[in-house]
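> Count the sequence shown with our numbering and you get residues 57 to 355, in order.
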Amino acid sequence: MSENLVGIDIGGTKILIILIKNNGEILKRIEFPMINKKYTVVLSKISSVLKSIGNFKSIGIGIAGDIDSENGIMRYSPNLPCWKNVKLKKYFESNLRVKTAVDNDANCAAYGSYILDGKRKYKNLITLSLGTGIGGGIIINGNLYRGATGSAGELGHITINPAGPKCSCGNYGCIEAYIGKTGRLRIAKQMGFSKKYLDIKLLGKLSRKGNKKATAVFKRISFYLSIGINNIINVFNPDMITFTGGFSNAWNLLRINLTKELKKRTFKTPLKHVKIIKSNYSQDIGAIGAAYLGAELKK
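(1) If you follow the beta strand (DSSP E) that E87 is in, where does it begin and where does it stop?
(2) If you draw a straight line from the alpha carbon of F360 to that of V154, how long is it in whole angstroms?
(3) Less than 8 Å between CB atoms is the rule here; does I344 satisfy it with respect to chain D?
(4) Identify whether R242 lies in helix, strand or coil by the three-state DSSP scheme.
(5) Counting only the same chain and skipping the five closest in sequence on each side, list residues whose C-beta sits under 7 Å from that of W307.
(6) Between which two residues does the beta strand (DSSP E) containing R202 stretch?
(7) Should A18 be labelled buried (16 or more other beta-carbon atoms within 10 Å of its own) or exposed?
(8) Exposed or buried, what is E81 when buried is set at 16 or more other beta-carbons lying within 10 Å of its beta-carbon?
(9) In the structure shown, what three-state DSSP assignment does C230 receive?
(10) Under 8 Å between the Cβ atoms of I312 and I297?
(11) The alpha helix (DSSP H) with I216 in it runs from where to where?
(12) For F299, does the three-state DSSP call read helix, strand or coil?
(13) Determine the direct distance from the alpha carbon of L152 to that of N290, and round the result to whole angstroms.
(14) Classify G203: buried if its beta carbon has 16 or more other beta carbons within 10 angstroms, exposed otherwise.
(15) If we ignore side chains and look at the alpha-carbon of each, how far apart do I129 and Y253 end up?
Set out below in structure tokens:
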């Protein structure tokens, strides 16, 4: 039987399917846009792709939202609001006869980062996914921590200012409300950039060229990020914190000021101990982590 693994990252705008060896080497990488958001259409498309990529022993699926990982059910996803109580595990195990794991995408990213970035040596690891929203995954003593209902790890919804802007979750002043996509663009606007420049990639290019206003945008973002990271370090005392997601590509613009801010507010011993890095596998880490979770399912 093949030892290859399949990992699937289902997002609101695109789907990534990878076929990997057990050591993490990617054999095939297939990405396609989410053109039709009806889950029956999407799952049929994924199933068709899987039948064409060769043999594999398991499937792992990562998707943003409220996930019942034990039963492989996606209860609800803010990115795919019409997907409610979708039985992903049952669908793929029935159609492809291959064991299937389903988990929150940030949990998958954390598990993949634990295996590849941390080499399983950093037993207490936190992963923050910096994208349109802010996701989180928690590894404690080498195990993925899901909480009582599978809802743990919503680190983007730590409140850093109860009088802050309203978040997509309905709360006020979450980390995500400040440094998710909407929050980042709000900061850029406050710094005087017109609508034409409200693109974080463009602002990154300007900052790297020495534009002081653009640099100030990233300094402000790193300030809010530092408040959240301070809370995470003081609560979890992790060995490692890794960043994934599209906005993690701005890590070199955030790192220096983030470090300065953490030194002002975080307990010295855990701060000195923790290693904070951008994941070396950011682009694919969610799918990779999902693949490994699938591989660890009992037969």
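Virtual Cβ for every residue (Gly too), placed ideally from N, Cα, C.
Everything numeric in this text was worked out from a predicted model, so none of it was measured.
The structure says:
(1) I82 to P89
(2) Missing from the structure shown is residue 360; the chain here goes from 57 to 355 and no further.
(3) Absent from the structure: chain D. Only one protein chain is present.
(4) helix
(5) F299 and K334
(6) It is not in any beta strand (DSSP E) - R202 carries neither H nor E in the DSSP assignment.
(7) It is not possible to answer for residue 18, since the shown part of the chain is limited to 57 through 355.
(8) exposed
(9) strand
(10) no
(11) Where I216 is concerned, there is no enclosing alpha helix (DSSP H), given that its DSSP letter is neither H nor E.
(12) strand
(13) 45 Å
(14) exposed
(15) 40 Å
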